[in-house]
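> Residue numbers (my numbering), protein chains in the order written: chain A, 132 to 185; chain B, -5 to 217; chain C, 3 to 288; chain D, 87 to 504.
Sharing a structure with you now.
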Amino acid sequence: MFPFNFEWVWDMAHVIFFGGFWYAISILGAGLTYCILKAAYDTFKGGGESHHHH
Amino acid sequence: MSKVEHKSESGSEESTGECAAGDTKDDKGLGLGVIFFILAFVICFLSGTLLFPKLLYSKKEQPFNFDHKLHVEQTSDCESCHALREDGSFNGIPKLAKCMECHSETPLGETKDEAVFAEMYVAKEKEVPWYVYSRQPDCVFFSHAAHTKTKGMDCVTCHGPIGTSTTLKPYEENRITGYSRDIWGQNIWGIKKHSWDRMKMDDCAECHKKETGHQGYCFQCHK
Amino acid sequence: MNKNDKKAHKFGMVIDLDKCTGCGSCMVSCMSENNVPFKEDESNKKDSITWMRVYKLTNGKSFPETEIVYLPRPCQHCGGKGDHGHSPCVSVCPATATDYGYDTGIVSQIYTRCFGCRYCMGACPYHARYFNWWDPKWPEGMEKYLSPDVSPRMRGVVEKCSFCYHRYQAAKDKAYYDGREDIEENEYQTACTTACPAGAIVFGDLYNPAHRVHEIVKPDPHPASINSTVVGKSRNPNVFRLLERLGTNPKVYYLSEREWVRKAGDNYLAGEWDKIKNHHGSESHG
Amino acid sequence: MDSALIPEGAKRCAFPKFALGIAIVGAVVLWGVYAMGLIWWKGLNQTNMNDNYGFALWIWADLAVIAVGGGAFFTGLLKYIFKVDELKNIINFAVIIGFICYSSALLILAIDIGQPLRGWFIFWHANVHSMLTEVAFCLSCYFAVLTIEFIPNILENRQANKVPFFHHLAHNMHGVMAVFAATGAFLSFFHQGSLGGVAGVMYGRPFAVREGLLIWPWTFFLFTWSAAAFGPCFTLLVTKITEAVTGKKLVKDNVVHLLAKISGWMITTYIIAKIIDTIYWATVTVPGLGLDIDHFYSNNAFYGYWILFTEIIICGVIPGLLLIMKSTRENPTLRLLAIILGVIGVCLNRWVMVLQIMAIPVMSFDTWALYIPSWQEVATTVLPVAYGIILIAVTYRYLPVFPQEKELNAVQPVTETE
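Okay, structure coming up:
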């Protein structure tokens, strides 16, 4: 799972598999973080006008 | 834009009033929140580093103290007591008979520990129930012969400078796994500075990779 | 490390089915050697653990032509397609609890790593892998008789024959002590081999032409004509492997002079056997 | 009693009636949880599995719920990536069904392993060459995606939505849902596929093994394709059941017809591929291993050619044709028949690809291994169904799951009475 794990080898199989995995995790994490921060920002800014310009 | 967003926009307008109502700026609340966060962090940190090891490991005292330094001074090496047998296996901690090659029922020195040894074990012909700091789990096979005989490694690399110690530290046993703490390492984070600080599979693999170019197949060290 | 490495071995076995009497000594010695647990009630064999299992085969003919053969089946220690070490079970294990030792050709199983998904059991066509449905329970005092060289297993993990790997470890230790590079043929023999009263089991290094197993099997290093993923087919016309054409490349060979026994080792379409039996074992001579 | 939680303008049954229903299904859940507890406490000896038959009833259930849960990723893919906008009226429900299916699948996996406390080894000590590793990673990640997709719907609950932060969070999550849906589709492709791969790579099992593309056996692609094809059938079926139970129309016909049509074409193309795969396997792969196709369908008490015929013709070709033809697709009875057949078909396929494989002897002197599941296995297999019913009941009652419900049931404005 991590490069410091016993089973880890720097080979094609690991790079592809965990590349895909960490890529997906990063997208999900970034997406969620964005949503939460934006929601906090919107909340502090007050009211519901922030998303009218969509 | 999709209808979903229109819907949520209209929904948000309905609740605008409530939003505004709950939105009175409260700096005091924020300050308290920060203090709470810091306090919680400190409590978690301290309990993790101080309390957790105590909960995880039980401490056991050895039957009596053993002075490695004193013995090494007499014998001048480790192999006099910890040696390979003729079949290539390792004898580990010597049995009573081995001790008796030098000792007898009358103590050689004047220490309290030797007296205990003589009274409790030599006199009763009972083996000393030592706790073994480096005892590995059942599934581990380790060949001392391959390391010390064939590759000429010294004992210190894995066991540390135990030969210069005068006292035995308490044996710490992981309450969950039953393994000695020295396998994981004394550092609660499992961080090591010396090659002998930990005895985990990763440590074996690290050295094997460096020395042989391969961390080894499972059965090389498992049984 | 690969097979071109001079120090690499390929431990294998050949079992003479014409000598096997079905006495079960191999099963018993295996169980006691390897701390194999047993159940209080052993009447249901489907969840009993038998690293070495003796199958009973018949030629299906009625008296007086009836013939019976007993076929001991340890783990076949498959080399996998092309003998590259991707055994059916090793390649599927999700947690790397089993691997292929390229230095010995032995398929390992690490009990403390296995979490019991049983995918390897599904992948093995020989039923050589067994699951611990229960925690082992030893009769009073028997725990003291367990071998310290083989770790006992816990409930919920898979186990299988290891070709008595601990005996290899011990033999190596002795060699290290003596300052020798390698071990002798007789220094490393599995428990079943030494226990067989008929001497039906021969164990050794398939890479080493001086070993008996190599003399009997005469493994062909070239891919077989029937299936290019099959390597190490025997050049002895009486020697066969179980399900050879699947490409699992087992290291356990069987020997029999009886044709129906050799035919039972694999699946053949109607009429197929008669076509290939004559080529059997003599492929690479051409 | 709980009217403050019920979506505005929606009519729901009286709370006591609802509570009674939940209690009855809840009893089934408790039965399942008891069995689960027994298995965790006493081990897998509580099942009727054995060494010849190491996969059992619930592994089939596991594969089946993942297959039918494929409706979530495929509907999401169509809605958010291919912009099939009508599907927004059913996407919430598809996500909830998917969430139920995947949480059940993960639970089953947790029950299925011999050492549940070591379950994390599959991630930590991952063998990237094992199809099961791929399943575990993609399944867990995709479950996270489903949770993310489910959250906005939960936050749209009348009371939750009053909290400004939740309101904004739900809104923002809707805004970037396409990103999550795309990730979900990516993950789904690989875990549905790798579940198929689990069977296809077992080259010791002639019934399972398939040739393929690079490292992926054909079953990899067939599984992904079939999940996308039959998943929507299950979404439609559960919608139909929900409509029947609530006595209300919840989704407009044009949405249902659209999803049924897409499903129909997917099924038809899938079943063509499946037939080609089966023929190739039966005429090339299997004879090459010295076996006749008869070997897999004879000499036993259960598995005959009927199962092949049922899976491919009755539950594959027929629903496919019924759903691609406009007249039969828009006939409610025939459409219902088609989606039921479709769901049975994909479940049967998963049964064949996991249990029949285990039952078939491979060595010439081996015998068929059939078995009867223990009650603990049955209970833990029923558990997800009961849990799913409860979750659907609760979400339907308290969340605005069906955007068209209000419009379709606007008889009179509902005044809230206690």
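Note that CB positions come from ideal geometry on N, CA and C, so glycine has one too.
#1: Three-state secondary structure (DSSP) at I203 of chain C?
#2: In chain order, what are the residue ranges of uninterrupted alpha helix (DSSP H) at least 4 long that sit wholly in the segment 91 to 134 of chain C?
#3: Across the segment 131 to 146 of chain C and the segment 213 to 221 of chain D, are there enough close Cβ pairs to call them in contact, namely three or more that are closer than 8 Å?
#4: Shortest alpha-carbon distance to A193 of chain C belongs to which of C:P66, C:Y170, C:D85 and C:M144?
#5: Mind checking whether A313 of chain D and A158 of chain D have CB atoms under 7 Å apart?
#6: Can you tell me where the beta strand (DSSP E) holding L162 of chain B begins and where it ends?
#7: Between the segment 132 to 151 of chain D and the segment 458 to 471 of chain D, do three or more beta carbon pairs fall short of 8 Å?
#8: Starting from Y188 of chain D and walking both ways along the alpha helix (DSSP H), at which residues does that stretch end?
#9: List the whole-angstrom C-beta distance separating I199 of chain D from G118 of chain C, where the pair is believed to meet the contact cut-off of C-beta under 8 Å.
#10: Under 8 Å by Cβ, that's how I've got H260 of chain D and P292 of chain D pegged, so tell me the actual separation to the nearest angstrom.
#11: Can you find a CB in chain D that lies within less than 7 Å of the CB of T174 of chain A?
#12: Let me see if you follow: with CB-CB separation under 7 Å, is C126 of chain C close to chain D or not?
#13: I'd like to check one pair, D85 of chain C with N251 of chain C: are the Cβ atoms closer than 7 Å?
#14: Within its chain, find whatever has a CB closer than 6 Å to the CB of G155 of chain D; leave out the 5 residues flanking it on each side and keep chain order.
#15: Using C-beta distances below 6 Å, list every residue in its chain close to K217 of chain B, excluding the 5 sequence neighbours before and after it, in chain order.
#16: Between the segment 142 to 151 of chain D and the segment 428 to 436 of chain D, are three or more C-beta pairs nearer than 8 Å?
#17: By Cβ distance, which residues of its chain are closer than 6 Å to G42 of chain B, with the 5 residues on each side in sequence left out?
#18: Which residues share a DSSP beta bridge with E84 of chain B?
#19: Could you tell me which residues DSSP puts in a beta bridge with K58 of chain C?
#20: Check the Cβ of D81 of chain B against every Cβ in chain C and list those closer than 9 Å, keeping chain order.
#21: Alpha carbons only, please: which of C:Q191, C:I218, C:C198 and C:A212 is nearest the one belonging to F205 of chain C?
#22: Would you decide whether P123 of chain B is buried or exposed? Buried here means 16 or more other CB atoms lie within 10 Å of its CB.
#23: Tell me, please, which residues DSSP counts as bridged to N188 of chain C.
#24: With respect to the alpha helix (DSSP H) encompassing S52 of chain B, which residues constitute its N-terminal and C-terminal limits?
#25: Kindly list the residues whose CB is nearer than 7 Å to the CB of F276 of chain D, restricted to its own chain and excluding five residues on each side of it in sequence; keep chain order.
#26: With DSSP as the reference, label P123 of chain B as helix, strand or coil.
#27: Quick one: list the residues of chain D neighbouring G162 of chain A, beta-carbon separation under 7 Å, in chain order.
#28: Report yes or no: do three or more beta-carbon pairs, one from the segment 171 to 185 of chain B and one from the segment 63 to 71 of chain C, lie closer than 8 Å?
#29: For A15 of chain B, is the classification buried or exposed, using 16 other Cβ atoms within 10 angstroms of its Cβ as the cut-off for buried?
#30: Compute the distance between the beta-carbons of A387 of chain D and L409 of chain D, then report whether it is under 7 Å.
#31: Just the Cα atoms here: how many angstroms apart are V115 of chain D and Y270 of chain C?
#32: Cβ of A97 of chain C less than 7 Å from any chain D Cβ?
#33: Within the chosen definition, does the segment 145 to 165 of chain C reach the segment 102 to 116 of chain C through at least 3 CB pairs nearer than 8 Å?
#34: Under 7 Å, Cβ to Cβ, is there at least one residue of chain B near G103 of chain C?
#35: With a threshold of 7 Å between beta-carbons, can N258 of chain D be considered close to chain A, or not?
#36: Any idea what DSSP makes of S460 of chain D, helix, strand or coil?
Let me spell this out:
#1: Here I203 of chain C sits in strand by DSSP.
#2: For the segment 91 to 134 of chain C, whole alpha helix (DSSP H) runs of length 4 or above, ordered along the chain, are 121 to 125.
#3: When C-beta atoms of the segment 131 to 146 of chain C are compared with those of the segment 213 to 221 of chain D, fewer than three pairs fall below 8 Å, so the two segments do not count as touching.
#4: A193 of chain C has its Cα closest to that of C:Y170, out of C:P66, C:Y170, C:D85 and C:M144.
#5: 7 Å or more divides the Cβ of A313 of chain D from the Cβ of A158 of chain D.
#6: It is not in any beta strand (DSSP E) - L162 of chain B carries neither H nor E in the DSSP assignment.
#7: Contact between the segment 132 to 151 of chain D and the segment 458 to 471 of chain D is present, because at least three Cβ pairs lie under 8 Å.
#8: Residue range K174 to D198 is occupied by the alpha helix (DSSP H) that includes Y188 of chain D.
#9: For a cut-off of 8 Å, the C-beta gap from I199 of chain D to G118 of chain C is around 5 Å, short enough to register as a contact.
#10: Incorrect: roughly 49 Å between the Cβ atoms, too far for contact.
#11: Chain D, which has a Cβ nearer than 7 Å to the Cβ of T174 of chain A, makes this yes.
#12: Output row for C126 of chain C: interface = yes.
#13: Judged by their CB atoms, N251 of chain C and D85 of chain C are nearer to each other than the 7 Å cut-off.
#14: For G155 of chain D, where only same-chain residues beyond five positions count, the Cβ hits under 6 Å are G184, C187 and Y188.
#15: The answer, listed in chain order, is F135.
#16: Cβ pair count under 8 Å is three or more, so yes.
#17: Annotation for G42 of chain B: no residue places its beta carbon closer than 6 Å to its own, counting only its chain and skipping 5 residues before and after.
#18: This sequence places Phe at residue 84 of chain B; Glu is not what is there. Beta-bridge partners of F84 of chain B (DSSP): B:L78.
#19: In the DSSP output, where bridge partners are listed per residue, K58 of chain C has C:Y72.
#20: Residues of chain C passing the Cβ test: A172, D175, K176 and Y179.
#21: Its Cα nearest to that of F205 of chain C, the residue C:Q191 stands out among C:Q191, C:I218, C:C198 and C:A212.
#22: By the neighbour-count criterion, in which a residue is buried when 16 or more other Cβ atoms sit within 10 angstroms of its Cβ, P123 of chain B is exposed.
#23: Bridge partners of N188 of chain C: none, in fact.
#24: Secondary structure note for S52 of chain B: it is in no alpha helix (DSSP H), and the uninterrupted beta strand (DSSP E) holding it is Y51 to K54.
#25: Closer than 7 Å at the Cβ level, and outside the excluded window around F276 of chain D, lie E220 and C224.
#26: Looking at P123 of chain B - three-state DSSP - the assignment turns out to be coil, as it is neither helix nor strand.
#27: Those are V262, V265 and F266, listed as they occur along chain D.
#28: Touching, no.
#29: Note that A15 of chain B scores 40 on pLDDT, short of 50, meaning its location in the model is unreliable and no value can be drawn from it.
#30: It is not a contact, given that the beta carbons lie outside the stated cut-off.
#31: Looking at the two C-alpha atoms, the distance is approximately 50 Å.
#32: Put simply, the CB of A97 of chain C is near chain D, with a gap under 7 Å to one of its CB atoms.
#33: In this structure the segment 145 to 165 of chain C lies against the segment 102 to 116 of chain C, because at least three pairs of beta carbons, one per stretch, are closer than 8 Å.
#34: Yes, G103 of chain C lies at the interface with chain B (some Cβ there is under 7 Å from its Cβ).
#35: Output row for N258 of chain D: interface = yes.
#36: Of the three classes helix, strand and coil, the one that applies to S460 of chain D here is coil, per DSSP.
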